[in-house]
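Some notes on the structure that comes next.
In the working numbering, the protein residues as written are 1055 to 1284.
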């Protein structure tokens, strides 16, 4: 299945999750601190990182930021609290998803599989536009799963890419946050809009000329989001 880097300082939690994930056929590397996790990330190059937020030394938030600045490997964060501030801060630091403790291994496995499904290939929606769909200076190549802006590649995480592909499929159509959660995160979060809003914020920072005044990923107040018509 997947190669997983598990960064968790609690030995009992780390060992329990490692055993459970191995039983699901994942390859698992572990680290008990953010510093060691960053070292192992460079060596093992995992498919996904499962990251505890409450770490000694470099905490999970800073570890998440450093992982994200180094590349686009998906990150699922673990938090012992359901505090909105921690969850939002983790998502804004670059996490793709989160699971609260105590952790049900089957739920974590399902989240891992859902995150890794987001980069599956899709057929191009516009066969007449060589190299992809053009939206101003933004070009989306659905066949190659490549996004460029001003001719330069835009580096997106699988979640950010899936969000962009879903919204841009039908420019002008308004999607509720719940519709986006179902389409992008692949399971029901019962109205947890934090995942959507944080991912939109990160996506805007990468594709918009002025993120505060987005031309592409637009907010429809009281409803959700739409992709602006070119």
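Glycine included, each C-beta is placed from N, C-alpha and C at the ideal position. Here the structure is a predicted model, which is why all the values come from computation and not from measurement.
- Assignment of beta-bridge partners to residue 1057 by DSSP yields 1081.
- Per the coordinates, the alpha-carbon of residue 1257 lies some 18 Å from the alpha-carbon of residue 1141.
- When only Cα atoms are considered, residue 1193 and residue 1230 end up about 24 Å apart.
- In this model, residue 1128 and residue 1118 are separated by some 10 Å (Cα to Cα).
- For residue 1281, the uninterrupted beta strand (DSSP E) run begins and ends at 1278 to 1281, by DSSP.
- By the criterion of a C-beta distance shorter than 7 Å, residue 1252 is surrounded in its chain by 1142, 1145 and 1146, once the five residues flanking it on both sides are discounted.
- The shortest C-alpha to C-alpha distance from residue 1207 to any of 1105, 1218 and 1261 is the one to 1261.
- When DSSP assignments are scanned along the stretch 1146 to 1174, the uninterrupted stretches of alpha helix (DSSP H) that are 4 or more residues long and fall wholly within it turn out to be 1159 to 1171.
- Between the C-alpha atoms of residue 1267 and residue 1162 there is a straight-line separation of about 36 Å.
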